[in-house]
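Peer 1: Let me give you the structure first, and then I'll get to my questions.
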Amino acid sequence: METLIIVVIIFGLLVSIHELGHLIVAKRSGILCREYAIGFGPKLFAIKKRETVYTLRLLPIGGYVRMAGEDPETFEVKPGQSIGIFLNDRNQVTRIVSDHLEKYPNARFLTVEHCDLDKELYLTGYEEENGPLIRYAIDRQATYVSDHQDFQIAPHDRQFASKPLLARFLTIFAGPFMNLVLAVVIFIIYFSIQGVPSNQPQLGTVIDGYSAQKYGLASGDRILQIDGQGINSWQDIAGYVSKHPKQKIEMTVERNGHQQQIELMTGERKGTNGKAEGVIGVYQPTIHSFAASIGAGFSQTYYWIKMEFVGLKMLVSGGFDLNNLAGPVGIYNATGEVVSQGLFLVLNWTAFLSVNLAVINLLPLPALDGGRLMFIIFEALRGKPIEPQKEALVHFIGFAFLMILMLLVTWNDLQNLFTR
Numbered sequence: 000m001e002t003l004i005i006v007v008i009i010f011g012l013l014v015s016i017h018e019l020g021h022l023i024v025a026k027r028s029g030i031l032c033r034e035y036a037i038g039f040g041p042k043l044f045a046i047k048k049r050e051t052v053y054t055l056r057l058l059p060i061g062g063y064v065r066m067a068g069e070d071p072e073t074f075e076v077k078p079g080q081s082i083g084i085f086l087n088d089r090n091q092v093t094r095i096v097s098d099h100l101e102k103y104p105n106a107r108f109l110t111v112e113h114c115d116l117d118k119e120l121y122l123t124g125y126e127e128e129n130g131p132l133i134r135y136a137i138d139r140q141a142t143y144v145s146d147h148q149d150f151q152i153a154p155h156d157r158q159f160a161s162k163p164l165l166a167r168f169l170t171i172f173a174g175p176f177m178n179l180v181l182a183v184v185i186f187i188i189y190f191s192i193q194g195v196p197s198n199q200p201q202l203g204t205v206i207d208g209y210s211a212q213k214y215g216l217a218s219g220d221r222i223l224q225i226d227g228q229g230i231n232s233w234q235d236i237a238g239y240v241s242k243h244p245k246q247k248i249e250m251t252v253e254r255n256g257h258q259q260q261i262e263l264m265t266g267e268r269k270g271t272n273g274k275a276e277g278v279i280g281v282y283q284p285t286i287h288s289f290a291a292s293i294g295a296g297f298s299q300t301y302y303w304i305k306m307e308f309v310g311l312k313m314l315v316s317g318g319f320d321l322n323n324l325a326g327p328v329g330i331y332n333a334t335g336e337v338v339s340q341g342l343f344l345v346l347n348w349t350a351f352l353s354v355n356l357a358v359i360n361l362l363p364l365p366a367l368d369g370g371r372l373m374f375i376i377f378e379a380l381r382g383k384p385i386e387p388q389k390e391a392l393v394h395f396i397g398f399a400f401l402m403i404l405m406l407l408v409t410w411n412d413l414q415n416l417f418t419r
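Note that numbering that gives the first Met the number 0 has the sequence shown beginning at 0, numbered continuously upward.
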């Protein structure tokens with residue numbers, strides 16, 4: 000249960016930050032954002048603030064910002080249609096009621112001659128069968144009422160498709176970018192607490208029960224030589240020790256300005272390549288500096304971005320075992336293992352997943368942010384937009400492909416789970 004709660008919190012954080020990036024830039028660009036949603040499926044919670052409805056939905060597997068103009072606007076007032084309207088003190092239409100007119104006795108009723116909810120924002124019609132043609136201006140924030148629900152109209156200049164290429168590009172790019180920002184912030188917090196790894200030839204924390212403690216080594220000791228070989232960095236120490244499992248070594252140590260020789264027997268453990276490697280039980284030294292933590296936050300984020308692309312390259316070239324691909328079940332199990340090892344690893348894991356979400360979303364695949372960015376780039380190169388119907392079809396096919404891939408990866412997760 001603890002793992003499930005933490006998984007929901009982690010994914011809720013990653014998705015909400017991602018969608019917040021889209022929302023902030025869209026609003027700054029003047030795009031009408033109808034809904035900011037965390038999750039999919041039925042609504043669990045909804046609150047409206049100004050123009051946007053903020054919703055929490057049942058299935059915590061993603062989220063979205065519904066922007067006006069991404070899909071064709073569905074509000075249409077046809078000639079000959081009977082509607083009810085409400086006016087403000089400037090005689091502008093603020094509400095257009097399309098059905099159940101009998102429920103709105105205070106409305107003014109008319110038969111529509113023409114209505115423009117997109118650019119010119121006006122409607123004309125007749126209040127009486129043989130009466131004069133009346134023209135009303137429509138308020139830019141007017142609402143269209145259908146089945147007793149109000150939906151704000153979206154004038155052309157409030158729609159996503161009407162915005163300049165750069166504004167649209169930044170609106171889409173802002174989601175993955177915010178995930179990278181989140182990763183940097185989490186890593187900065189992590190390194191501020193844990194310290195930034197240093198490559199100085201010193202010993203960090205000495206672990207109880209290991210060779211270093213048994214033979215008198217202490218945290219802060221500076222290692223000058225090992226078996227007469229000069230030592231210039233922590234990597235030199237770790238490299239030499241790992242190559243000498245279960246062997247006696249002699250260290251020249253500087254402590255409090257004095258040098259001394261310490262002999263010790265290394266331990267042994269199984270390395271990542273399956274071979275035995277030496278160990279003495281000390282951690283890498285760390286530096287506690289906020290400035291250093293900021294630098295480490297950026298460098299660690301860059302490292303994981305680089306590793307994501309290395310993994311993708313191996314996947315494309317066939318050098319990656321598809322059985323190692325993890326879907327929701329695999330990530331859930333991995334999170335459970337991380338949770339059991341403490342808060343600091345949970346922070347690291349969250350930052351890694353945030354980088355992963357950013358990089359995957361930027362891939363030029365239909366239905367992902369990267370695919371939408373590619374269409375914007377194509378539009379810039381062609382000098383005209385791609386037909387919305389064609390783009391929608393490509394994204395639909397891409398979404399279907401991603402869902403199939405998700406099912407296959409989940410099946411792989413379940414097989415790995417039950418064949419351990």
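Where is the CB? At the ideal position from N, CA and C, for every residue including glycine.
All values derive from a computational prediction rather than experimental measurement.
(1) Once you ignore the five residues that flank residue 210 on each side, which residues in its own chain have a CB closer than 7 Å to its CB?
(2) Could you pull the DSSP bridge partners for residue 94 from this structure?
(3) Keeping to the same chain, check which residues put their C-beta closer than 8 Å to that of residue 217; ignore five residues upstream and five downstream.
(4) Nearer than 7 Å: is that true of the beta carbon of residue 6 relative to any heavy atom of the ligand NAD?
(5) Should residue 144 and residue 97 be called a contact, given that it needs their Cβ atoms to be closer than 8 Å?
(6) Expressed to the nearest angstrom, what Euclidean distance is found between the alpha-carbon atoms of residue 115 and residue 333?
(7) Among 219, 226, 224, 233, whose alpha-carbon lies nearest the alpha-carbon of residue 198?
(8) Name the DSSP beta bridge partners of residue 248, please?
(9) Following the continuous alpha helix (DSSP H) through residue 175, name the residue where it begins and the one where it ends.
(10) Within the same chain, show all residues whose beta-carbon is closer than 7 Å to that of residue 22, passing over the 5 residues directly before and after it, in chain order.
(11) Please determine, among 51, 43, 142, the residue with the shortest C-alpha to C-alpha distance to residue 87.
(12) Can you tell me which of 301, 153, 379 puts its alpha carbon nearest to the alpha carbon of residue 73?
(13) Once DSSP output is grouped into helix, strand and coil, what is the label at residue 312?
(14) For the alpha helix (DSSP H) containing residue 240, list its first residue and its last residue.
(15) Rank 249, 391, 37, 25 by C-alpha distance to the C-alpha of residue 13 and give the top, closest one.
(16) In whole angstroms, what is the alpha-carbon distance linking residue 6 and residue 346?
(17) Quick one: measure Cβ to Cβ for residue 300 and residue 111, integer angstroms, because I've assumed they're closer than 8 Å.
(18) Under 8 Å, Cβ to Cβ, is there at least one residue of chain C near residue 96?
(19) Over the uninterrupted alpha helix (DSSP H) stretch that includes residue 112, give me the two end residues.
(20) Check the C-beta distance from residue 84 over to residue 109 and give it rounded, since I have them as a contact under 8 Å.
(21) By how many angstroms is the C-alpha of residue 244 removed from the C-alpha of residue 272?
(22) With 16 other CB atoms within 10 Å as the buried threshold, where does residue 162 fall?
(23) Quick one: what's got a C-beta closer than 8 Å to residue 194's C-beta in the same chain, skipping five residues either side?
(24) Alpha carbon to alpha carbon, how far is residue 125 from residue 176?
(25) Pull up the CB-CB distance for residue 277 and residue 228, whole angstroms please, since I reckon it's below 8 Å.
(26) Here's a check: name, in chain order, each residue in its chain whose Cβ is nearer than 6 Å to the Cβ of residue 357, leaving out the five neighbours to either side.
(27) In terms of residues, what are the limits of the alpha helix (DSSP H) holding residue 212?
(28) Distance, Cα to Cα, residue 155 vs residue 343?
(29) Inspect the beta-carbon positions of residue 375 and residue 164 and report whether they are closer than 8 Å.
(30) Taking the C-alpha atoms as reference points, what is the distance between residue 59 and residue 384?
(31) Tell me the residue span of the beta strand (DSSP E) that contains residue 149.
(32) So, with DSSP's three-state summary, where would you put residue 36?
(33) What span of residues does the beta strand (DSSP E) with residue 52 cover, start to end?
(34) If you draw a straight line from the C-alpha of residue 249 to the C-alpha of residue 208, how long is it?
(35) Looking at the secondary structure, which residues open and close the beta strand (DSSP E) in which residue 342 lies?
Peer 2: The answer reads as follows:
(1) Taken in chain order, the residues that qualify are 263, 264, 265, 266, 279, 280.
(2) DSSP output for residue 94 lists 85, 142 as bridge partner(s).
(3) Only residues of its own chain outside the window of five on either side were considered, and among them 202, 205, 254 have a CB closer than 8 Å to the CB of residue 217, listed in chain order.
(4) With respect to small molecules bound, the structure shown includes none, and the ligand NAD cannot be examined in it.
(5) Their beta carbons are under 8 Å apart, which means residue 144 touches residue 97 by this criterion.
(6) Cα to Cα, residue 115 sits roughly 54 Å from residue 333.
(7) Residue 198 has its Cα closest to that of 233, out of 219, 226, 224, 233.
(8) Beta-bridge pairing links residue 248 to 263.
(9) Going by DSSP, residue 175 is part of the alpha helix (DSSP H) stretching over 164-193.
(10) Taking residue 22 as the centre and dropping the five residues before and after it, the same chain places the C-beta of 32, 35, 64 closer than 7 Å to its C-beta, in chain order.
(11) Distance from the Cα of residue 87 is smallest, within the candidate group 51, 43, 142, for 142.
(12) Per the Cα distances, 153.
(13) Secondary structure at residue 312: helix, using DSSP grouped into helix, strand and coil.
(14) Here the alpha helix (DSSP H) through residue 240 covers 233-241.
(15) Closest in alpha carbon position to residue 13, among 249, 391, 37, 25, is 37.
(16) For the pair residue 6 and residue 346, the Cα-to-Cα distance works out to about 12 Å.
(17) In this structure, residue 300 and residue 111 do not form a Cβ contact; the two beta carbons are roughly 56 Å apart against a cut-off of 8 Å.
(18) No chain C is part of this structure, which consists of one protein chain only.
(19) Run containing residue 112: none in the alpha helix (DSSP H); it sits in the beta strand (DSSP E), 107-115.
(20) Indeed, because the Cβ distance is near 7 Å, the residues count as touching under 8 Å.
(21) Going by the C-alpha atoms only, they are around 15 Å apart.
(22) Under this definition residue 162 is a buried residue.
(23) Only 285, 286, 287 meet the Cβ criterion.
(24) Using only the alpha carbons, I get a separation of about 52 Å.
(25) Not confirmed; about 14 Å, so no contact.
(26) The beta carbon of residue 357 is closer than 6 Å to those of 175, 178, 179 in its chain, skipping five residues each way along the sequence.
(27) Following the DSSP letters along the chain, one finds residue 212 inside the alpha helix (DSSP H) bounded by residues 210-213.
(28) One C-alpha to the other measures close to 48 Å.
(29) In this structure, residue 375 lies near residue 164, with their beta-carbon atoms less than 8 Å apart.
(30) Taking C-alpha positions only, residue 59 is separated from residue 384 by approximately 33 Å.
(31) DSSP places residue 149 inside the beta strand (DSSP E), whose first and last residues are 148-151.
(32) Three-state result, residue 36: strand.
(33) Counting along the chain, the beta strand (DSSP E) containing residue 52 begins and ends at 51-66.
(34) Just so you know, the alpha carbons of residue 249 and residue 208 end up roughly 19 Å apart.
(35) In the DSSP annotation of this structure, residue 342 is not part of any beta strand (DSSP E); the continuous alpha helix (DSSP H) holding it starts and ends at 342-360.
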